[in-house]
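Novice:
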Amino acid sequence: MKYEKVLTKGIGEVDLTRIENYEAQGGYQALRKALTGMTPADVHAEVKKANLRGRGGAGFPAGVKWGFLPEDGRPRYLCCNADESEPGTFNNRMLIEYNPHLLIEGILLAAYAVRAARSFIYIRGEFRKGYRVLMDAIEQARAKGYVGDRILGTDYSQEIVVHRGAGAYICGEETGLLSSLEGGRGEPRNKPPFPAVAGLYGMPTVINNVETLCNVPFIISRGADWFLSIGTEKSPGTKLFSVSGAVNRPGNYELPLGITLRELIDVAGGMRPGSKLKAVQPGGASSPVLLPEHLDIPLDFDSVQQAGSILGTAGVMVFDQNVCMVRTALYYADFFSHESCGQCTPCREGTAWTARLLRKIERGEGTREDIEILKSLRTTMSGTTICLLSDFSITYLQSVLKHFADEFEAHIQGHACLAERPREVRSA
Amino acid sequence: MSAQATSGRAKGRKARAETPWWERRAADIDRLIARYPKSRSALMGLLWMAQEERGWVSPEDMEFIGQRLGVSRAYVESTCSFYSLYHRKPAGRYTITVCGNIMCGLSGGEALTRHLEQRLGVKVGETTPDGLFTLLVTGECVAACDGAPALQINEEYFHKVTPERADQIVQALRNGANLVELSERIGLTAPGAVWEAGERA
Chain G
0 MKYEKVLTKG
10 IGEVDLTRIE
20 NYEAQGGYQA
30 LRKALTGMTP
40 ADVHAEVKKA
50 NLRGRGGAGF
60 PAGVKWGFLP
70 EDGRPRYLCC
80 NADESEPGTF
90 NNRMLIEYNP
100 HLLIEGILLA
110 AYAVRAARSF
120 IYIRGEFRKG
130 YRVLMDAIEQ
140 ARAKGYVGDR
150 ILGTDYSQEI
160 VVHRGAGAYI
170 CGEETGLLSS
180 LEGGRGEPRN
190 KPPFPAVAGL
200 YGMPTVINNV
210 ETLCNVPFII
220 SRGADWFLSI
230 GTEKSPGTKL
240 FSVSGAVNRP
250 GNYELPLGIT
260 LRELIDVAGG
270 MRPGSKLKAV
280 QPGGASSPVL
290 LPEHLDIPLD
300 FDSVQQAGSI
310 LGTAGVMVFD
320 QNVCMVRTAL
330 YYADFFSHES
340 CGQCTPCREG
350 TAWTARLLRK
360 IERGEGTRED
370 IEILKSLRTT
380 MSGTTICLLS
390 DFSITYLQSV
400 LKHFADEFEA
410 HIQGHACLAE
420 RPREVRSA
Chain U
0 MSAQATSGRA
10 KGRKARAETP
20 WWERRAADID
30 RLIARYPKSR
40 SALMGLLWMA
50 QEERGWVSPE
60 DMEFIGQRLG
70 VSRAYVESTC
80 SFYSLYHRKP
90 AGRYTITVCG
100 NIMCGLSGGE
110 ALTRHLEQRL
120 GVKVGETTPD
130 GLFTLLVTGE
140 CVAACDGAPA
150 LQINEEYFHK
160 VTPERADQIV
170 QALRNGANLV
180 ELSERIGLTA
190 PGAVWEAGER
200 A
């Protein structure tokens with residue numbers, strides 16, 4: 000079976016950063032269609048019907064999210080979350096650098112549907128190239144009458160402001176993003192109130208991921224029924240799977256939601272010579288491990304959850320027999336400890352102590368009691384903080400403590416590592 | 000003490016000789032602020048501008064930004080310190096940041112860091128005596144896992160960096176290569192293998 004490329008059509012073949020090339024493959028036709036024949040409510044209804052689920056990790060339907068905005072006359076804002084920083088995930092970066100006009104068109108349509116006063120793209124500071132590409136693309140679009148005042152001669156006007164972050168994972172959390180966009184520390188806020196009610200500058204705000212917004216032009220031009228015909232019943236559409244690790248061809252693969260893990264690894268060139276599949280994380284740092292026995296589960300939002308993990312960002316990391324699972328947990332513990340914003344004690348202290356205990360265990364100096372403490376974090380670090388970073392910091396750890404208990408045991412007992420070619424243990 | 004006094008004098012001379020960046024770039028600053036419904040949102044953009052101009056964000060820059068936006072210098076500093084990409088002390092002309100997250104780490108990133116330490120003669124966090132290179136390791140994934148191990152130089156990407164490739168990059172920059180062109184020419188790999196997927200499956 001040959002799958003049709005949608006979001007990635009033309010990437011690697013033509014230079015889609017040039018607006019004429021994007022237009023030549025049908026670009027900005029959805030915007031024209033919407034502005035000349037559809038009301039904002041029509042656009043919203045089509046996206047809602049398509050059941051476009053958020054690609055940023057939560058899988059929440061975008062059309063439903065848009066419907067949460069109160070009708071109270073206050074200005075509304077649209078924010079595109081381009082703070083892609085989930086470990087193992089690199090699909091937003093590709094869309095931004097190689098297909099920026101698709102994102103711009105998606106933003107223009109979403110802003111039209113929710114009647115946003117202004118749109119913002121919050122792009123992580125590390126994406127300097129992406130920032131340049133977007134700034135240039137916006138000016139190309141402005142010159143053609145797609146951005147700015149009275150777009151395509153209609154009453155619809157829209158500005159897109161690109162805002163550079165500066166290195167903080169937590170700004171991918173939507174309220175952290177808003178704090179940062181308002182010119183402050185990127186500290187998350189308590190919810191409620193949710194951004195739909197009190198978001199940017201206290202106004203109703205919609206926040207959508209890059210890939211989510213990139214789907215909107217196709218839903219408008221080809222219709223919700225077409226979109227629903229791809230993928231599974233409850234997870235329609237394609238997904239950009241970022242595959243990395245022990246496969247022959249790491250990269251981004253656009254495939255229908257619901258293809259199996261086995262197919263995905265096959266598409267990514269199969270396992271590297273000499274590599275045996277040991278474990279997979281299907282969706283970023285917080286996704287619990289899947290094992291070889293899960294190769295045939297469909298990669299859609301619900302099936303992955305039923306298998307005990309999450310599809311998350313679809314940053315699929317493939318580990319082979321040479322990878323020490325204790326070490327993987329330590330990478331994440333260091334990461335979360337560094338990225339905790341520090342507002343909440345369970346997270347600030349918990350992530351730091353998790354890293355310390357894991358480092359001790361990895362060095363062969365750990366005890367059984369340390370492992371018991373790590374297991375107990377499930378109650379002390381979940382549901383006790385403003386945002387979910389704390390909760391998410393331990394989900395992968397809990398899964399490897401359960402499925403790879405022997406590796407932890409070996410590190411404690413004999414200073415040994417069960418990975419076939421462990422990295423040198425004491426460099427940290 | 001005497002070193003401080005010297006650098007203070009040097010700074011004084013420089014300040015008299017040169018117009019501060021915020022005067023030279025007054026129009027850019029106005030444009031940046033006008034993009035936002037509320038001016039304080041321009042704070043991060045102004046910090047970026049300061050870093051572009053000076054190579055780091057100095058106390059004077061924070062003072063100016065606070066005055067321009069109507070917030071205290073303490074507020075500016077608090078915000079600045081939250082973000083790891085701003086330098087609050089002088090850094091090298093090129094900041095080399097090796098990705099220290101899991102996929103780069105498992106693919107030779109740690110060996111790459113050790114190689115760069117040797118090659119540059121500095122430890123992570125330090126700057127070469129000639130002021131050219133600062134070496135850092137970031138815990139944040141830089142979203143280049145298909146090009147692991149990856150590093151960034153002043154936020155420009157270099158994928159699949161072997162020790163030999165690292166030497167080549169460092170040498171090119173020492174010889175005055177343009178960073179953005181260098182990244183485009185030898186730093187980037189093709190955008191994944193998206194098109195192959197369509198053909199294959």
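Chains as they are written, first to last, in numbering that gives the first Met the number 0: chain G, 0 to 427; chain U, 0 to 200. Just so it is clear, CB atoms sit at the ideal spot from N, CA and C, and this is done for glycine as well.
Listed from N- to C-terminal order along the chain, which residues in the stretch 93-111 of chain U have their beta-carbon within a distance smaller than 7 Å of any beta-carbon of chain G?
Specialist: Cβ contacts with chain G come from 100, 101, 102, 104, 105 and 109.
Novice: Listing by chain order, which chain U residues have their CB less than 7 Å from the CB of residue 330(G)?
Specialist: In the first sequence, the residue the question calls residue 330(G) occupies position 331. The answer, in chain order, is 100, 101 and 104.
Novice: Check residue 121(U) in the structure and name its three-state DSSP category.
Specialist: Position 122 of the second sequence, counting from 1, holds the residue named residue 121(U). If DSSP states are grouped into helix, strand and coil, residue 121(U) belongs with coil.
Novice: Assuming residue 361(G) and residue 329(G) form a contact by the criterion Cβ under 8 Å, report the distance between their Cβ atoms to the nearest whole angstrom.
Specialist: Looking up residue 361(G) in the first sequence gives position 362. Looking up residue 329(G) in the first sequence gives position 330. The Cβ separation is near 5 Å, so the contact holds.
Novice: Pick helix, strand or coil for residue 418(G), following the three-state DSSP scheme.
Specialist: Here the question's residue 418(G) lines up with position 419 in the first sequence. Looking at residue 418(G) - three-state DSSP - the assignment turns out to be coil, as it is neither helix nor strand.
Novice: Please name the residues in the stretch 295-323 of chain G whose beta-carbon is closer than 7 Å to at least one beta-carbon of chain U, in chain order.
Specialist: Listed by position along the chain: 316 and 322.
Novice: Using CA atoms only, rank isn't needed, just tell me which of 250(G), 194(G) and 112(G) is closest to residue 242(G).
Specialist: As a position in the first sequence, residue 242(G) is number 243, starting the count at 1. The candidate whose alpha carbon is nearest that of residue 242(G) is 250(G).
Novice: Report yes or no: do the stretch 84-99 of chain U and the stretch 127-135 of chain U share at least 3 C-beta pairs separated by less than 8 Å?
Specialist: The stretch 84-99 of chain U is in contact with the stretch 127-135 of chain U.
Novice: Given that a residue counts as buried once 16 or more other Cβ atoms are within 10 Å of its Cβ, and exposed if not, what is residue 92(G)?
Specialist: As a first step, residue 92(G) must be located in the first sequence, where it is residue number 93. Buried: at least 16 other Cβ atoms inside 10 Å.
Novice: Tell me the DSSP secondary structure of residue 291(G) in three-state form.
Specialist: For the purposes of this step, residue 291(G) is taken as the residue at position 292 of the first sequence. Of the three classes helix, strand and coil, the one that applies to residue 291(G) here is helix, per DSSP.
Novice: Chain U partners of residue 117(G), CB-CB under 8 Å?
Specialist: Mapped onto the first sequence, residue 117(G) falls at position 118. Neighbours of residue 117(G) on chain U, chain order: 36.
Novice: Closer than 9 Å, Cβ to Cβ, to anything on chain A: give me those residues from the stretch 69-91 of chain U, in chain order.
Specialist: In summary, chain A is missing from the structure at hand, where the protein chains are G and U.
Novice: Do we get a CB-CB distance below 8 Å when we pair residue 417(G) with the residues of chain U?
Specialist: Along the first sequence, read from residue 1 onward, the residue named residue 417(G) stands at position 418. For residue 417(G), the answer is no, since every Cβ of chain U falls outside 8 Å of its Cβ.
Novice: Contact criterion: CB-CB distance below 8 Å. Does residue 89(G) meet it with respect to chain U?
Specialist: Looking up residue 89(G) in the first sequence gives position 90. Answer yes: the Cβ-Cβ gap between residue 89(G) and chain U drops below 8 Å somewhere.
Novice: For the alpha helix (DSSP H) that contains residue 60(G), what are its first and last residues?
Specialist: Within the first sequence, numbered from 1, the residue matching residue 60(G) stands at position 61. Note, residue 60(G): premise wrong, no alpha helix (DSSP H); not H, not E.
Novice: Which whole runs of the alpha helix (DSSP H) in the stretch 14-54 of chain U are 4 residues long or more, in chain order?
Specialist: With a minimum length of 4 residues, the continuous alpha helix (DSSP H) runs that stay inside the stretch 14-54 of chain U are 20-23, 25-33 and 42-53.
Novice: Name the residues in the stretch 117-147 of chain U whose C-beta lies less than 9 Å from a C-beta of chain G; which are they?
Specialist: Per Cβ criterion, the list reads 137, 138, 139, 140, 141, 142, 143, 144, 145, 146 and 147.
Novice: Among the residues of its own chain, which have a CB less than 7 Å from the CB of residue 192(U), if the five just before and after it don't count?
Specialist: Numbered from 1 along the second sequence, position 193 holds the residue referred to as residue 192(U). For residue 192(U), the predicted structure reports a pLDDT of 43, less than 50, and the residue's modelled location is therefore unreliable. A value from the coordinates is still provided. Excluding sequence neighbours, residue 192(U) sits near nothing in its chain.
Novice: Can you find a CB in chain U that lies within less than 8 Å of the CB of residue 167(G)?
Specialist: The residue you call residue 167(G) lines up with position 168 of the first sequence. Closer than 8 Å to some Cβ of chain U, the Cβ of residue 167(G) qualifies, so yes.
Novice: From the DSSP output, in three-state form, read off residue 136(G) for me.
Specialist: Working through the first sequence from its first residue, we reach residue 136(G) at position 137. In this structure, residue 136(G) counts as helix in the three-state DSSP scheme.
Novice: Less than 8 Å between the beta carbons of residue 179(U) and residue 155(U), yes or no?
Specialist: Walking along the second sequence from the start, residue 179(U) turns up at place 180. Walking along the second sequence from the start, residue 155(U) turns up at place 156. Against a cut-off of 8 Å, the Cβ pair of residue 155(U) and residue 179(U) comes out as a contact.
Novice: Spatial neighbours of residue 5(G) within its chain, please: CB distance less than 6 Å, with the 5 preceding and 5 following residues excluded, ordered by chain position.
Specialist: Indexing the first sequence from 1 puts residue 5(G) at position 6. Taken in chain order, the residues that qualify are 217 and 237.
Novice: Would you kindly report the start and end of the unbroken beta strand (DSSP E) that includes residue 129(U)?
Specialist: As a position in the second sequence, residue 129(U) is number 130, starting the count at 1. Looking at the DSSP string, residue 129(U) is not in any beta strand (DSSP E), and its letter there is neither H nor E.
Novice: Rounded to the nearest angstrom, what separates residue 293(G) and residue 116(U) at their Cα positions?
Specialist: On the first sequence, residue 293(G) is found 294 positions in, with the first residue counted as 1. On the second sequence, residue 116(U) is found 117 positions in, with the first residue counted as 1. Going by the C-alpha atoms only, they are around 41 Å apart.
Novice: Is the shortest distance between the beta-carbon of residue 167(U) and the beta-carbons of chain G less than 8 Å?
Specialist: Numbered from 1 along the second sequence, position 168 holds the residue referred to as residue 167(U). Cβ-Cβ to chain G under 8 Å: no for residue 167(U).
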